[in-house]
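Engineer:
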Amino acid sequence: MSDGGRVEAVVAAGRERGLDVEPRTYPDGTRTAGDAARAVGVPIGAIVKSLVFSVDDEPVVALVSGANQLDEAALATAARGAAAARLDANAVRDATGFGVGGVPPFGHRRALRTFLDEDLLAFAEVWAAAGTPSTCFPVRPADLVAATDAVVGRLRHDTRT
Numbered sequence: 000m001s002d003g004g005r006v007e008a009v010v011a012a013g014r015e016r017g018l019d020v021e022p023r024t025y026p027d028g029t030r031t032a033g034d035a036a037r038a039v040g041v042p043i044g045a046i047v048k049s050l051v052f053s054v055d056d057e058p059v060v061a062l063v064s065g066a067n068q069l070d071e072a073a074l075a076t077a078a079r080g081a082a083a084a085r086l087d088a089n090a091v092r093d094a095t096g097f098g099v100g101g102v103p104p105f106g107h108r109r110a111l112r113t114f115l116d117e118d119l120l121a122f123a124e125v126w127a128a129a130g131t132p133s134t135c136f137p138v139r140p141a142d143l144v145a146a147t148d149a150v151v152g153r154l155r156h157d158t159r160t
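Using numbering that gives the first Met the number 0, the first residue of the sequence shown is number 0, and each one after it goes up by one.
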């Protein structure tokens, strides 16, 4: 199988969490939030960006609306840490078992604390990566919170003046 079993691993991880993950494949790719929104046909805000950061040397996952830029200070505060820093691609793969552009919200190599952007709750359904840069799946935001045991909060960088 071409994805090395990554999609099947996400489906299995969803099942363990009580979710019926139904991945969809998009040949043109869903690597970025914009790509995913165009492929799926939903507003960019309904796309879940799974961002892997380090907060005081602990890898954490921030599930952020595709319309938003993550506020690193807000993530650090939510995680009760001093500072947050984006991990490089190798560190992301080491922490999650998945490459950048395909990191799912759960099913990682090891348990990672997860934080969810409150703006995702405005949608009836959101779309998250399913293990590869060309697969994603729909999920209700409340189910995503439950499946990831996420701390919900304001994580977006406010660009309004």
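All residues carry an ideal CB built from backbone N, CA and C; glycine is no exception.
From a predicted model like this one, the values you see are computed outputs, not experimental measurements.
#1: Look at the alpha carbon of threonine 82 and the alpha carbon of alanine 73, and state the distance between them as a whole number of angstroms.
#2: Just to confirm, are threonine 113 and valine 102 a CB contact at a threshold of 8 angstroms?
#3: Run the CB neighbour count on arginine 153, radius 10 Å, all protein chains shown included, and call it buried at 16 or more, exposed below.
#4: Given that a residue counts as buried once 16 or more other Cβ atoms are within 10 Å of its Cβ, and exposed if not, what is glycine 4?
#5: Name the DSSP beta bridge partners of leucine 242, please?
#6: Just list the residues that DSSP pairs arginine 112 with in beta bridges.
#7: Based on DSSP bridge pairs, tell me the residues matched to proline 137.
Structural biologist: A quick look at the data gives this:
#1: Residue 82 sits at position 83 when you count from the first residue of the sequence shown. Residue 73 sits at position 74 when you count from the first residue of the sequence shown. First, the amino acid is wrong: residue 82 is alanine here, not threonine. The alpha-carbon separation between alanine 82 and alanine 73 amounts to approximately 9 angstroms.
#2: The sequence position of residue 113 within the sequence shown is 114, counting from 1. The sequence position of residue 102 within the sequence shown is 103, counting from 1. Contact: no.
#3: One-based indexing of the sequence shown puts residue 153 at position 154. By the beta-carbon neighbour count (other beta carbons within 10 angstroms, threshold 16), arginine 153 is exposed.
#4: Residue mapping note: residue 4 aligns to position 5 of the sequence shown, counting from 1. Residue burial is scored here from C-beta neighbours: glycine 4 has fewer than 16 other C-beta atoms within 10 angstroms and is therefore classed as exposed.
#5: Limits of the chain in this structure are 0 at one end and 160 at the other, which puts residue 242 out of reach.
#6: Locating residue 112 in the sequence shown gives position 113, counting from the first residue. Arginine 112 is bridged by DSSP to Val59.
#7: In the sequence shown, the residue the question calls residue 137 occupies position 138. The bridge partners DSSP lists for proline 137 are Trp126.
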